[in-house]
Amino acid sequence: MPLHYHHFMTKRTMAWLLFYGLLRNLFLVFPIVYFTSTVQFCRSSIIMNFVCENMSLLNLGCGDISKIQSIGLWVRMLVTAMDGTCILTSYLSILCSVWKTIVGRGREKTWKTCSTHLLVTMMTFFCGMSSSLVSRMSSHILPDVQNLITLMSFEIPSNAHPIIYGLRTREIRNSLRKRTKRGGPFFTHS
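Under this note's numbering, think of the first position of the sequence shown as 12, with each following residue one higher.
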């Protein structure tokens, strides 16, 4: 067992990871909540988005919200960079460990698994960051377009995950090939 998962993932390690996650989220989210609470709201109480995001709420405020927008964007980029760095570091560690101990087919399987996970993660980060940037340019983009991009930032990753993972699974791939040869993936012959 090259990765020694049970050796590293003890109850103490899990407690530290939980503590770190809670502390990080507290320090990164609290400033946004605080600054949002200082905004005076004088517009309609109807949020023109189907998701109650911070920027949708801020767009109902009066006055200058550019400072809060900047802080929110920086927090979003910082969280994405921190999470991305942590994920990339852990996968590089896994790949290095596997490359040192396993040869042949095991390396290929590890590479396929890691690359699939990284693809899904990067797609999720990209969609979230795109939605975040678009919501900050609300005065230049129609509300329907904003809603469409927000919808896509939720729907694309959640719908693509099973497809990406499914196509990487041999049994599912073979089943799709057989169904396609018989007349399409959604048709069965009696």
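We put the CB at the ideal spot given by N, CA and C, even for glycine.
Query: Is there contact between the region 161 to 172 and the region 104 to 113, where contact requires at least three CB pairs shorter than 8 Å?; Result: no
Query: Starting from the C-beta of V131, find all residues in its chain whose C-beta is less than 8 Å away, skip the five residues before and the five after it, and write them out in chain order.; Result: P168, A171, H172, I175, Y176
Query: Is the distance from the Cβ of V62 to the Cβ of T161 below 8 Å?; Result: yes
Query: Whole alpha helix (DSSP H) runs in the region 112 to 175 with 4 or more residues, listed along the chain?; Result: 116 to 147
Query: My guess is that I43 and I76 are in contact by the Cβ rule of under 8 Å, so how many angstroms apart are they, rounded?; Result: 12 Å between Cβ atoms; not a contact.
Query: Within the continuous alpha helix (DSSP H) that includes N60, where are the two ends?; Result: Unbroken run through N60: none, as it is neither H nor E.
Query: Alpha carbon to alpha carbon, how far is R188 from T124? Give it in angstroms, no decimals.; Result: 21 Å
Query: Helix, strand or coil, according to DSSP, for G74 in the structure here?; Result: coil
Query: What residue range is occupied by the uninterrupted alpha helix (DSSP H) comprising V40?; Result: 22 to 48
Query: For the candidate residues H128, Q157, T24, whose alpha-carbon lies nearest to that of S142?; Result: Q157
Query: Decide yes or no for the touch test of the region 84 to 103 against the region 35 to 42: beta carbon pairs closer than 8 Å, at least 3 of them.; Result: yes
Query: Opposite F52 in the DSSP bridges: which residues?; Result: G72
Query: Roughly how many angstroms lie between the CA atoms of C140 and S56, to the nearest whole one?; Result: What sits at residue 140 in the sequence shown is Met, not Cys. Each residue's alpha carbon lies about 26 Å from the other.
Query: To the nearest angstrom, how far is the alpha carbon of K120 from that of T191?; Result: 26 Å
Query: Which residues in the same chain as L178 place their Cβ atom closer than 7 Å to its Cβ, once the five residues preceding and following it in sequence are excluded?; Result: R184
Query: Cα-Cα, which of F52, W85, M59 is closest to G74?; Result: F52
Query: Where do the ends of the alpha helix (DSSP H) carrying R193 lie?; Result: Unbroken run through R193: none, as it is neither H nor E.
Query: Alpha carbons only, please: which of V50, S67, L84, S186 is nearest the one belonging to S150?; Result: S67
Query: Alpha carbons only, please: which of M20, Y16, M148, W122 is nearest the one belonging to Q80?; Result: M148
Query: Quick check on the burial criterion: 16 or more other C-beta atoms within 10 angstroms. Buried or exposed for R87?; Result: buried
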